[in-house]
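Participant: Mind looking over this structure? Questions follow.
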Amino acid sequence: MSDSRIPDPSAPLTPSGNLRRRQIFSRLTEVGATGAAVLAVGVLIVVIYTIVSRGAPAISFDFLFKGYPDGVGPMILGTFVIVAVSTAMAAPVGVLIALFLTEYAGSRGAGPLRLTLDLINGLPSIILGLFVFNLLVNHKGTSGFAGAIALAIIEVPLIARGAQEVLLLVPKALREASDALGVARWRSVLTVVLPTAMGGIVTATVLAVARAVGETAPLILTDFIFDPKKFSLNIFGEIPNAPVWIFKLSEEGTEKGYQEAWGLSLVLIVFILVASLGARALLGRSKRKLSS
Amino acid sequence: MTGSLDYTSEQDPMTSAPTNGQGENQPVPSRVRIQTGPPAPVTVPETGVTGPTISESFQPPPQLVFDAQGIGIFYGAKQALTDVTLGIRHGQITALIGPSGCGKTTFLRSLNRMNDTVPGFRIEGQILYHGHDVYGSNVDRVEVRRRIGMVFQKPNPFPKSIYDNIAWAPRNLGLKKGLDERVETALRGAALWDEVKDRLKDSALGLSGGQQQRLCIARAIAIEPDVLLLDEPASALDPIATAAIEDLMHSLKGRFTIVIVTHNMQQAARVADRTAFFSLETSGEKPTGTLIEVDETAKIFAEPRDPRTRDYVSGRFG
Chain A
16 MSDSRIPDPS APLTPSGNLR RRQIFSRLTE VGATGAAVLA VGVLIVVIYT
66 IVSRGAPAIS FDFLFKGYPD GVGPMILGTF VIVAVSTAMA APVGVLIALF
116 LTEYAGSRGA GPLRLTLDLI NGLPSIILGL FVFNLLVNHK GTSGFAGAIA
166 LAIIEVPLIA RGAQEVLLLV PKALREASDA LGVARWRSVL TVVLPTAMGG
216 IVTATVLAVA RAVGETAPLI LTDFIFDPKK FSLNIFGEIP NAPVWIFKLS
266 EEGTEKGYQE AWGLSLVLIV FILVASLGAR ALLGRSKRKL SS
Chain B
8 MTGSLDYTSE QDPMTSAPTN GQGENQPVPS RVRIQTGPPA PVTVPETGVT
58 GPTISESFQP PPQLVFDAQG IGIFYGAKQA LTDVTLGIRH GQITALIGPS
108 GCGKTTFLRS LNRMNDTVPG FRIEGQILYH GHDVYGSNVD RVEVRRRIGM
158 VFQKPNPFPK SIYDNIAWAP RNLGLKKGLD ERVETALRGA ALWDEVKDRL
208 KDSALGLSGG QQQRLCIARA IAIEPDVLLL DEPASALDPI ATAAIEDLMH
258 SLKGRFTIVI VTHNMQQAAR VADRTAFFSL ETSGEKPTGT LIEVDETAKI
308 FAEPRDPRTR DYVSGRFG
């Protein structure tokens, strides 16, 4: 038996031994992996196709800019207001956390904090919604602000981790340069490190915004009673918002309701896609700028 | 330099006590007063000289900027440097040469406490800077670096404009008056002004490697430090850029005390007044870097006292 494992040097260079079997296995693995990748892309394409084909007929000027029953303008505006407020709260905190992780925390402090951020990021958003519901809504009434708080909790770990990644890319040599000039650390951070990493930080924030725009569960618990006819900018009152309205429209069970739900979904997904793709392009550009 | 440049403000009364233990009480006649450097703190009353008569050949004791005594440096359990005693003289260029891993850069970086943030860093012995312990308990390392500037091996300009690279530190240190003038002075000092005066607003990253390194030197001298530490400043540059940096060092000599680490022995021979030779020695169980010999550069290269120095400078090392 052992003889057959040592190929005869003069034999032709065709597969011998168990090489044929290994080649078949290798090919099967390749086909399986490729198939899974195609499936993932396929699902995305099918989802987007469905949303576009069913939502597009609903899109019109009135639909986008007028209130109920003609359109969903208040909901779109409200979503932007809620997300803007939540990002205004989450971005500074997230960037400061990232600065703490990269500039001040030793490896002993950074590890647990990173784990904490990842755990918050993994929390089901319905649980965050329930938490904020108990904190701010129960016995007090729904408000856009409560929704914004819940969304901010979702955004903080995304911004912190994303910003941290870019801050780590800022070359050590730049920090050494500013240290060697006898300038205090916080000034170096503020005027050299942060500006250098700004492109990436903006990207991380945009990605977090894209995620927050589509979060439904927290809003269903915190900002679910509103007047769909009224454009509102008052964050401390009820604000119409898109995710909850999509939910309500599809609960109606009417033809018009479904069509409008798809239409509003299309608006949201276009925003998310544009934001994500734009952010990624921006990130790629600033990474290239850093590494050059 | 402009009239606002005043090195004496950084000087300290303690400088008046020479730290090398020689001639502490010897009055120095005014005609042999130290010419280089700041208005000599070692002045004596012009009249009423009552000390012993001093011969014509009297040499004033060298004024030490750094006086390192018995320096040992550890990174965790690993000893990088053992028992280095070395004085750096005012207004001169001192070169540190030696093979890789002998602790030259480690020693250089310990002079302005750039090693502090390295995990496990520990230092033995004492480094006196104008008589003050650099690692003293009430010493702020930001202040140390304010006075002791550093230029690194790889040019590391900020991703900002040429002007902002120079102006950044003065702005942050509150030296906002006459900023344009200060930037120009620094760029002229680094022999870069003529090449960049028409594009001060352009990004510094668009400069060539040699220009970037001179920009880094300009950035360092813009805050008028007392000492410049250069860590292999030309090792990443081509010969022409290297020559420019060496010329620059000659022109900066006297205004600044310069310590340069270099792998290039010819460079040390060309630019340095004094040269210190470091090497790896196996005295204990593991080899660590140590100082073998320090002397006038000409002596080190022509007639070194130690055979190890001779082997190294004649290229027979290893």
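Protein sequences, first through last, are from chains A and B. Following this note's numbering, the numbering of the first sequence begins with 16 at its first residue and continues without gaps. Following this note's numbering, the numbering of the second sequence begins with 8 at its first residue and continues without gaps. For glycine and all other residues, C-beta sits at the position ideal for the given N, C-alpha and C. All values derive from a computational prediction rather than experimental measurement.
1. Any beta carbon of chain B sitting closer than 7 Å to that of A/T237?
2. How many whole angstroms separate the CB atoms of B/M157 and A/A199, which I take to be in contact at a CB cut-off of 8 Å?
3. Under 9 Å between beta-carbons, which chain A residues line up against B/G176? List them in chain order, please.
4. Give a yes or no on whether 7 Å exceeds the smallest Cβ distance from A/T211 to chain B.
5. First and last residue of the beta strand (DSSP E) that includes B/Q86?
6. Please determine, among B/L88, B/D280 and B/A75, the residue with the shortest C-alpha to C-alpha distance to B/L287.
7. Please return the same chain residues whose Cβ sits closer than 6 Å to the Cβ of A/I141, not counting the five positions on each side in sequence.
8. Could you check the C-alpha separation between B/N119 and B/L103 for me, to the nearest Å?
9. Under 7 Å, CB to CB, which of the residues in the segment 234-255 of chain B have a partner in chain A?
10. What residue from B/L115, B/R153 and B/I307 has the CA that sits closest to B/I80's CA?
11. Quick one: what's got a C-beta closer than 7 Å to A/L234's C-beta in the same chain, skipping five residues either side?
12. Have a look at B/L235 and A/E230 and give me their C-alpha separation to the nearest angstrom.
13. Report the rounded CA-to-CA distance for A/L236 versus A/S158, giving the unit in angstroms.
14. Go through the segment 232-272 of chain B residue by residue and report every complete run of the alpha helix (DSSP H) that reaches 4 residues or more, in order.
15. Determine the chain A residues that contact B/G156 at a beta-carbon separation under 9 Å, and present them in chain order.
16. Please list, in chain order, all residues of the same chain as B/E191 whose beta carbon is under 7 Å from its beta carbon, the five residues on each side excluded.
17. Is A/G86 buried or exposed, if buried means 16 or more other CB atoms sit within 10 Å of its CB?
18. Within 10 angstroms of the Cβ of A/L111, are there 16 or more other Cβ atoms? Answer buried if so, exposed if not.
19. If we call anything under 7 Å between Cβ atoms a contact, is A/L279 one with A/V96?
20. Quick one: is B/F128 near chain A, going by C-beta distance under 7 Å?
21. What residue range is occupied by the uninterrupted beta strand (DSSP E) comprising B/Q76?
22. Measuring only between beta-carbons, confirm whether A/V67 sits less than 7 Å from chain B.
23. Buried or exposed: where does B/D187 fall if 16 or more other Cβ atoms within 10 Å of its Cβ makes it buried?
24. Based on the DSSP output, what are the partners of B/T156 in its beta bridges?
25. When you compare only the Cα positions, how much space is there between A/K263 and A/L292?
26. Please work out which residues of its chain come closer than 6 Å, Cβ to Cβ, to B/L237, disregarding the five sequence neighbours upstream and downstream, and give them in chain order.
27. Does B/F285 have its Cβ less than 7 Å from a Cβ in chain A?
28. Can you say whether B/R221 is buried or exposed, counting buried as having 16 or more other CB atoms within 10 angstroms of its CB?
29. Could you tell me which residues DSSP pairs with B/H139 in its beta bridges?
30. Pull up the distance between the alpha-carbon of A/T218 and that of B/G77, whole angstroms please.
31. Report buried or exposed for A/V289, applying the criterion of at least 16 other Cβ atoms within 10 angstroms of its Cβ.
32. With DSSP collapsed to three states, give me the class of B/S144.
33. Of all the options A/I164, A/I91, A/V224 and A/E180, which has the alpha carbon lying nearest to the alpha carbon of A/R129?
34. In the DSSP assignment, find the alpha helix (DSSP H) that holds A/S265 and state where it starts and stops.
35. Between A/F80 and the rest of its own chain, which residues show a CB-CB distance below 8 Å, the 5 nearest in sequence each way excluded?
36. Hey, does A/R202 have any beta-carbon neighbour from chain B nearer than 7 Å?
Facilitator: This is what the structure holds:
1. no
2. With 8 Å as the limit, B/M157 and A/A199 do not qualify as a contact, their Cβ atoms being about 16 Å apart.
3. Residue identity check: residue 176 of chain B is Ala in the sequence provided, not Gly. The contacting residues are S193, L196, G197 and V198.
4. yes
5. K85 to R96
6. B/L88
7. A232
8. 16 Å
9. none
10. B/L115
11. G162, N256, P258 and V259
12. 56 Å
13. 10 Å
14. 246-259
15. A195, L196 and G197
16. W200
17. buried
18. exposed
19. no
20. no
21. L71 to Y82
22. no
23. exposed
24. The sequence shown places Gly at residue 156 of chain B, not Thr. Answer is B/L235.
25. 29 Å
26. V158 and I267
27. no
28. buried
29. B/Y136
30. 51 Å
31. exposed
32. coil
33. A/E180
34. A257 to E267
35. G86 and G88
36. yes
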